[in-house]
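Please read the structure below before turning to the comments.
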Amino acid sequence: MPNNIKQQIQADLQQAKETGQLRTERVREIVKSAVSQVASELKQGSNELRSLVRDAVSAVVENFQEKGSELKDEVTASIEGALEGINSQRHENIAKTQTDIKRLQAQLDGEEEQLQQEVDVILAEIEETGKEKSASTKTAIDSAVNAIKGSEEIGLLKKRYAQLQAQLAIVRANLAARHGGRSLEVKDYLDEAKHWYDKARPQAESVAAQVGDKRSQLEDKLGEAGTSLARKEHQIKQTLRELLLTAADLFKDKEPADKERETIHK
Numbered sequence: 564m565p566n567n568i569k570q571q572i573q574a575d576l577q578q579a580k581e582t583g584q585l586r587t588e589r590v591r592e593i594v595k596s597a598v599s600q601v602a603s604e605l606k607q608g609s610n611e612l613r614s615l616v617r618d619a620v621s622a623v624v625e626n627f628q629e630k631g632s633e634l635k636d637e638v639t640a641s642i643e644g645a646l647e648g649i650n651s652q653r654h655e656n657i658a659k660t661q662t663d664i665k666r667l668q669a670q671l672d673g674e675e676e677q678l679q680q681e682v683d684v685i686l687a688e689i690e691e692t693g694k695e696k697s698a699s700t701k702t703a704i705d706s707a708v709n710a711i712k713g714s715e716e717i718g719l720l721k722k723r724y725a726q727l728q729a730q731l732a733i734v735r736a737n738l739a740a741r742h743g744g745r746s747l748e749v750k751d752y753l754d755e756a757k758h759w760y761d762k763a764r765p766q767a768e769s770v771a772a773q774v775g776d777k778r779s780q781l782e783d784k785l786g787e788a789g790t791s792l793a794r795k796e797h798q799i800k801q802t803l804r805e806l807l808l809t810a811a812d813l814f815k816d817k818e819p820a821d822k823e824r825e826t827i828h829k
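Rendered as structure tokens:
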């Protein structure tokens, strides 16, 4: 590991200071750039890597030591930059894995859709054979087919699954933002959250109206997070945290139809 990592960071900080660009965001970028150049040559988890982070943070502390107890923002920025620097390769690997997951999910969705179409054809054929039976038999067959088509349990499971996937995507967006993930990686998770959120939305207008306010809040937070990310605002982490809390608050509340079903079963 080069011994001049501290000198490099301090020199860059001094240059930024002379040009009037020594803001907290710039501190983070300087540390990230310096650390990532060296980290690419080191083994993940090695003692050298940990020493690299300590030296990078130390360089910033020494540069701003005259601020005393008020250098918290600069120290935070240096830690964030160092972590982003050493984890840049890992986040690239995560992004590639996420792409593979999306491809497999699309394949799975397609196979499930094909299976559903086959089931619909079979049920239609069963209904057709019922037309040749007596009225009572036809009624029984139609009732059975309709019960299978409109299975509330299956619908509920699909909705809950979509809700969990939406929340999981938001959790991943939070983790990526807090641990040095690239903007594109965070955006992919937000897009994934929107995809699953749309799948979890109730189809019946009467049900949608009863939870409309909370869903509107979630939609607003998703939009706010996307805008914040596009502008590279410092507030993105707080926005993502609020988004996660909003999603948790929405999805923990069971919708009226679910509550009514539970009451009946009791």
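Okay, so the sequence shown: first residue is 564 according to our numbering, each after it adds one. The beta carbon of each residue, even a glycine, is placed where N, CA and C say it ideally should be.
Below 8 Å, enough C-beta pairs join the region 751–760 and the region 723–742 to call them touching: three or more. Pairing H742 with N650 gives a Cβ-Cβ distance under 8 Å. Counting along the chain, E647 sits inside the alpha helix (DSSP H) bounded by residues K635 to G693. When the Cα atoms are used, E637 and A669 turn out to be separated by approximately 43 Å. DSSP places H758 in the uninterrupted alpha helix (DSSP H) bounded by S746 to A763.
In the three-state scheme derived from DSSP, where H, G and I count as helix and E and B as strand, R589 is classed as helix.
Look at Q584 here: in three-state DSSP terms it is coil, with no helix or strand label. Taking one beta carbon from each stretch, the region 686–703 and the region 641–648 have fewer than 3 pairs nearer than 8 Å; the two do not touch. Under the three-pair Cβ rule at 8 Å, the region 611–621 does not count as touching the region 671–682. The beta carbons of A736 and Y724 sit no closer together than 8 Å.
Here S779 carries a helix assignment [DSSP, helix/strand/coil].
Non-local C-beta neighbours of K665 in its own chain, meaning closer than 7 Å and more than five positions away in sequence, are absent. Counting other Cβ atoms within 10 Å of its Cβ, L813 reaches 16 or more and is therefore classed as buried. The three-state secondary structure of N610, taken from DSSP, is helix. The beta carbon of E805 sits closer than 7 Å to the beta carbons of K784 from its chain, once the five residues preceding and following it are set aside; these are given in chain order.
At least 8 Å separates the beta-carbon of E748 from that of I685. Taking 8 Å as the upper bound for CB-CB distance, V601 and L615 are in contact here, some 6 Å apart. The C-beta separation of K595 from E647 comes to about 5 Å, placing the pair in contact by the 8 Å criterion. In the three-state DSSP reduction, K784 falls in the helix class (H, G or I). In summary, E755 is buried, with 16 or more beta-carbon neighbours lying within 10 Å of its beta-carbon over all protein chains present. A597 sits away from R589, with the two beta carbons spaced by 8 Å or more.
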